[in-house]
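Numbering (our numbering), first residue to last: 190 to 614. Glycine included, each C-beta is placed from N, C-alpha and C at the ideal position. As the structure is a computational prediction, the values presented were derived from the model and not from experiment. As structure tokens, the structure follows; a few thoughts come after it.
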Amino acid sequence: MASGDRRHLTASDESYNPSIAPTLADHPVANPRLLSLLEPITTEDSRASTPQLGDLEQELHRMLSIHSLVPTSPSFVKRQAATQAENKQSYRKIGAGACGAVFAQKGESLAMKLAKCIDSDLWNDYLMHTLIFEKAKLHEIEIKVPECYFFVPKEDPVYFQKHQTLSEAAQAVCHFPTDILVTERIIPLSEVARTVLIEKYCAGPIKEKALTDPANEDCLVRVYLGSLQGKSGLKFFSLRNFKLHLNQMVELQLDVEEMASQMGKSMAVMHWDARTDARDVEFALRSSTKKIPVSIKDYSELLRMKPRTYTGPESRRNEDHFHRKTELWLLDFNQVRTITLDEAGVAQVVEAMTINDPYFPKPLQDNPVARRVWNRFVESYLEVADAVLKEQDPTVRELPGIVLQRLIELQQKKQGKLSEIEASG
Numbered sequence: 190m191a192s193g194d195r196r197h198l199t200a201s202d203e204s205y206n207p208s209i210a211p212t213l214a215d216h217p218v219a220n221p222r223l224l225s226l227l228e229p230i231t232t233e234d235s236r237a238s239t240p241q242l243g244d245l246e247q248e249l250h251r252m253l254s255i256h257s258l259v260p261t262s263p264s265f266v267k268r269q270a271a272t273q274a275e276n277k278q279s280y281r282k283i284g285a286g287a288c289g290a291v292f293a294q295k296g297e298s299l300a301m302k303l304a305k306c307i308d309s310d311l312w313n314d315y316l317m318h319t320l321i322f323e324k325a326k327l328h329e330i331e332i333k334v335p336e337c338y339f340f341v342p343k344e345d346p347v348y349f350q351k352h353q354t355l356s357e358a359a360q361a362v363c364h365f366p367t368d369i370l371v372t373e374r375i376i377p378l379s380e381v382a383r384t385v386l387i388e389k390y391c392a393g394p395i396k397e398k399a400l401t402d403p404a405n406e407d408c409l410v411r412v413y414l415g416s417l418q419g420k421s422g423l424k425f426f427s428l429r430n431f432k433l434h435l436n437q438m439v440e441l442q443l444d445v446e447e448m449a450s451q452m453g454k455s456m457a458v459m460h461w462d463a464r465t466d467a468r469d470v471e472f473a474l475r476s477s478t479k480k481i482p483v484s485i486k487d488y489s490e491l492l493r494m495k496p497r498t499y500t501g502p503e504s505r506r507n508e509d510h511f512h513r514k515t516e517l518w519l520l521d522f523n524q525v526r527t528i529t530l531d532e533a534g535v536a537q538v539v540e541a542m543t544i545n546d547p548y549f550p551k552p553l554q555d556n557p558v559a560r561r562v563w564n565r566f567v568e569s570y571l572e573v574a575d576a577v578l579k580e581q582d583p584t585v586r587e588l589p590g591i592v593l594q595r596l597i598e599l600q601q602k603k604q605g606k607l608s609e610i611e612a613s614g
């Protein structure tokens, strides 16, 4: 359907059946205005068959699905135990960005983000990270935000004296002394997940190198719901910031609408409660620890058992620590800036969303899944924004809808320019 035709559809059209969350039934922008922000979903789209997954795709579906439990491989457990017995003072780089480089000790749960330059945004990162963590916790949104522990200014000589091995590990990347932000370390995706990702998406000639590259142990999968450009057979391959595009997630039958919902809710919290533009934040799949406790048996179950039957976990550990839970994480806050609840704030939010990597769903797409993902994002965004702004003036409560409308208008202009280029060619 051409983008220019979609605004003339109404709810009475048989082909128009956008899903609207029940919680939005009484939303102040619901019906005419909400419908103007949603994409048309046809009956044919809804009835699209789901193909059978191959073995490789089934394994990736299991590993990358949000909330899925993944037992940690025995080799990882052995390495962790060995690491605990080794010198815990050794550090290695586990990530890097424009603002800083991230280091961690083997077997430890802290991540050390070191500023790369003098005028870094690390203090702003600290402020915005703490603010957004508190707001996400307050609203109990599903997305995970790592905890932010403490800040070390470069002028603190005692800290650097006590952590000389950190300076030694990072001296090739950063000028010491430098500011440090200490946060929760997020567990990478499992070794099995890394292996299957390499098998699925890495070019054949470099697969062996990718499997043995230590950098790929720090596996983080960026979720690009706004892109359909994902490809296999990549000749330049890294799992440290692996980009998983919407078309690839659809192929793996991941719950992309749930991801869109989590994104929408978290963006609404960041925009309208934290009052920030959420500039350059990142959405990525990584693991969290999940302890599997002993399964407690009730009295009737015990009566049916042979006396003195073992009833603990299969691992024979009192508490099995070696499981990971795949989660969607919200990361990187160094470029986040505060906004005002007015037209200037809207402009700031829209700009931040359009210059970021394509994490967010896009409107006016031909792909039926992309349309459903956009709709879910819109519904969740407005639902949370309405709850946050319910005590505000009506003009302020309109701002979230204006943001979404601006995104639609920008996409219309972009598609119009592309059409002109194609026509002239």
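Looking at Val-458, Pro-394, Glu-380 and Glu-532, the one whose alpha-carbon comes closest to that of Asp-407 is Glu-380. Burial is judged here by how many other beta carbons sit within 10 angstroms of a residue's own beta carbon; Met-452 has at least 16 and is buried. Looking at the backbone, the Cα of Thr-527 and that of Asn-545 are separated by about 17 Å. Residue burial annotation: Gly-415 is buried, with at least 16 other C-beta atoms found within 10 angstroms of its C-beta. Under DSSP, Met-301 takes part in a beta bridge, and its partners are Phe-292 and Val-371.
A direct Cα-to-Cα measurement between Pro-552 and Leu-224 gives close to 13 Å. Three or more beta-carbon pairs separated by less than 8 Å link the region 444 to 461 to the region 241 to 261, which places the two stretches in contact. The C-alpha of Ser-421 is placed about 36 Å away from the C-alpha of Glu-329.
Counted as a single uninterrupted DSSP element, the stretch harbouring Glu-516 is not any alpha helix (DSSP H) but the beta strand (DSSP E) occupying residues 512 to 520. Each residue's CA atom was taken as its position, placing Pro-346 and Asp-368 some 11 Å apart.
DSSP places His-250 within a helical segment (H, G or I) once states are collapsed to three.
Segment contact: the region 298 to 309 against the region 356 to 372, three or more CB-CB distances shorter than 8 Å; contact assigned. Three or more beta-carbon pairs drawn from the region 312 to 323 and the region 518 to 527 are found closer than 8 Å, and the two stretches are therefore classed as touching.
Distance between Ala-559 and Glu-440, taken at the CA atoms: about 13 Å.
Taking the CA atoms as reference points, Glu-540 sits about 26 Å from Ala-290. The Cβ neighbour count for Gln-418, taken over all protein chains shown within 10 Å, is under 16; the residue is labelled exposed. About 12 Å separates the beta carbon of Val-573 from that of Ala-463, a gap too long to meet the 8 Å contact definition. The C-alpha of His-250 is placed about 14 Å away from the C-alpha of Thr-239.
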